[in-house]
């Protein structure tokens, strides 16, 4: 028999996860949860795949800005296009929260103005072809092996596993089945607006500048979980302050629930960081009994 | 062996449905569609359950207005509350499209200002307890038996069946599993806005006045299908002009698809109507080869 979660170290973290799944799935268990209520929600960036040196979707955006400037040299005078041409990550890192307007314009320039099919083909191509600057593999290979194992383990125990990403829903869906075993309809994320246009080939969905509120971050995560699932997760996993509401929301699902917070403390195999996006989540995890996963100590393997 | 779709007459309509399902599911069929792409989307009002003498959700709204006026007599001076007290359906029928502001205010008064849990309990209670004025049964029993049979038949053939209702998603979800065998996460509809509020019991979802765009009607149906499913339906069913974009969109899913349009032509067993909400759909069905279901001729039984 293959051992479950074999790329996890045999620490209390792994033991806690195994015990939780046993408690909610074993027939006759006092904490038994029927399959239809076994909902799990996972953040994506920094929880399921690598988010350094910056978000994969931002690297995609930068690559698209370069392509657009190659096609239309007049664009190169704009700061964002110039920074993209010079691979100046610091420029982009400085945009939030000081220059959200430039950031949004970048997103609209690269994520709208095409059909939904065209956009997803671009995302698919990028995730397959472009390579991570340090690990030198296609981005779609930068999923965390222990987390992917956990997704499959939950699925094998009749959990319905969703991604709840602050990033773009349409960016992740083209690869979610392949890299996580999660069908595209179980990927929730942020979205720009869409419209149905009648064409000679019938109705086609076009992507428009504009954001669908709420963004799938912070208090927006429980909102979108309700819209897409209509049930509370009994297991939630994240790594940053934007996951706090989702983690806490899962506590309200019933007597037995599990919250996981990934701590990036492994500079050697991945990165060591908390940074401004993860200031509150670790003290809160300690206070509320959420399980902190140490990448360094709890994982035998990272990728 | 129990015969499939036994409450359908043995007409060409039933035959066409059976042949389509056979063609897309039989192994080795040239039109075979793998299970993950077997998406079907059904309108709800007038397609799966009765929408006369008016929408069930409008009757719920009127009942709620009466309750609110009973608790706060000052409200009775407002026209909508007065009309609710007098069961004046004509008043409500006249609001659209001439007085959308009053209509929206009614919706916000009765559908927001409470937690999501409280609202769904109210909807559940209404659908179980209130009775249809003509048929004198609880509203949740006013589903069309042949359509429910079809939902189960599709499910048995590994279709994933969704409701795509112009009505409220949260209004239908509390009963969708029971009356249709459709789990709540497969119900798509229109929504008012939500917010996550921190309370002493953790995060709670509250319903706020305001609408989430787009409404799930007309061109909004393909948009919400993309957001919730991310695939095109290979089978779509509706009964009104607000379903046209969804029906046509399903044609673009691939070489083989099926569109069903229910014609209410049975005054004796249900109602006979087309009315202003179904002006364009029948000529278009004729033009594009969508299957028109005659309630009178194609169904052995209605409820």
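Chains as they are written, first to last, in the working numbering: chain A, 1170 to 1472; chain B, 1170 to 1472.
Yeah, the Cβ is synthetic: ideal placement off N, Cα and C, and Gly gets one too.
Here the structure is a predicted model, which is why all the values come from computation and not from measurement.
{"Asked": "Nearest candidate by alpha-carbon position, reference residue 1320/B, set 1306/B, 1361/B and 1345/B", "Found": "1345/B"}
{"Asked": "Residues bridged to residue 1364/A (per DSSP)", "Found": "1375/A"}
{"Asked": "Opposing strand residues paired with residue 1331/B [DSSP bridges]", "Found": "1210/B"}
{"Asked": "heavy atom of the ligand NAD below 6 Å from residue 1391/B C-beta", "Found": "Looking at this structure, you won't find the ligand NAD or any other ligand, since it has none at all."}
{"Asked": "Residue 1393/B (DSSP reduced to helix, strand or coil)", "Found": "helix"}
{"Asked": "Cβ pair count under 8 Å reaching 3, the stretch 1362-1377 of chain B against the stretch 1397-1405 of chain B", "Found": "no"}
{"Asked": "Straight-line Cα distance separating residue 1221/B from residue 1300/B", "Found": "13 Å"}
{"Asked": "Residue 1348/B versus residue 1360/A: straight-line alpha-carbon distance, rounded", "Found": "32 Å"}
{"Asked": "Buried versus exposed call for residue 1372/B [16 or more other C-beta atoms within 10 Å across all chains shown]", "Found": "buried"}
{"Asked": "CB-CB length for residue 1204/B against residue 1327/B, believed under 8 Å", "Found": "4 Å"}
{"Asked": "Length of the line joining the Cα atoms of residue 1218/A and residue 1421/B", "Found": "33 Å"}
{"Asked": "Chain-order list of residues whose beta-carbon lies under 6 Å from that of residue 1352/A (same chain, five-residue window excluded)", "Found": "1346"}
{"Asked": "Assigned secondary structure, residue 1174/B (DSSP; H/G/I helix, E/B strand, else coil)", "Found": "coil"}
{"Asked": "Test: residue 1430/A CB closer than 7 Å to a CB of chain B", "Found": "no"}
{"Asked": "Closest Cα partner of residue 1284/A within the set 1362/A, 1188/A and 1307/A", "Found": "1362/A"}
{"Asked": "Any C-beta of chain B under 7 Å from that of residue 1276/A", "Found": "no"}
{"Asked": "Pair within 7 Å by beta-carbon distance, residue 1272/A and residue 1265/A", "Found": "yes"}
{"Asked": "Length of the line joining the Cα atoms of residue 1416/A and residue 1189/B", "Found": "44 Å"}
{"Asked": "Rounded straight-line distance, which links the Cα of residue 1427/A to that of residue 1403/A", "Found": "6 Å"}
{"Asked": "Nearest-angstrom Cβ-Cβ length linking residue 1310/B and residue 1472/B, presumed shorter than 8 Å", "Found": "7 Å"}
{"Asked": "Delimiting residues of the beta strand (DSSP E) encompassing residue 1356/B", "Found": "1356-1359"}
{"Asked": "Three or more C-beta pairs below 8 Å linking the stretch 1276-1296 of chain A and the stretch 1229-1248 of chain A", "Found": "yes"}
{"Asked": "Among 1334/B, 1249/B, 1174/B and 1314/B, the one whose alpha carbon lies nearest that of residue 1410/B", "Found": "1334/B"}
{"Asked": "Residues of the stretch 1402-1426 of chain A whose Cβ lies closer than 8 Å to any Cβ of chain B, in chain order", "Found": "1414, 1417, 1418, 1420 and 1421"}
{"Asked": "CB contact check: residue 1255/A to chain B, cutoff 7 Å", "Found": "no"}
{"Asked": "For residue 1245/B, the three-state DSSP class (helix, strand or coil)", "Found": "helix"}
{"Asked": "Residues of the stretch 1373-1399 of chain B whose Cβ lies closer than 7 Å to any Cβ of chain A, in chain order", "Found": "1374, 1388, 1391, 1392, 1395, 1396, 1397, 1398 and 1399"}
{"Asked": "DSSP state of residue 1224/A mapped onto helix, strand, coil", "Found": "coil"}
{"Asked": "Straight-line Cα distance separating residue 1336/A from residue 1312/B", "Found": "39 Å"}
{"Asked": "Chain E within 7 Å of residue 1354/B, Cβ atoms only", "Found": "Checking the listed chains, one finds no chain E in this structure; the protein chains it contains are A and B."}
{"Asked": "Residue 1368/B classed as buried or exposed, judged by whether at least 16 other C-beta atoms fall within 10 angstroms", "Found": "exposed"}
{"Asked": "Spatial distance of residue 1455/A from residue 1325/A (CA atoms)", "Found": "30 Å"}
{"Asked": "DSSP state of residue 1315/A mapped onto helix, strand, coil", "Found": "helix"}
{"Asked": "Below-7 Å beta-carbon distance, residue 1438/A vs any chain B residue", "Found": "no"}
{"Asked": "Distance, residue 1198/A Cα to residue 1181/A Cα", "Found": "21 Å"}
{"Asked": "Under 7 Å by beta carbon: chain B residues contacting residue 1125/A", "Found": "Nothing can be reported for residue 1125/A: it is not among the residues displayed for chain A, which extend from 1170 to 1472."}
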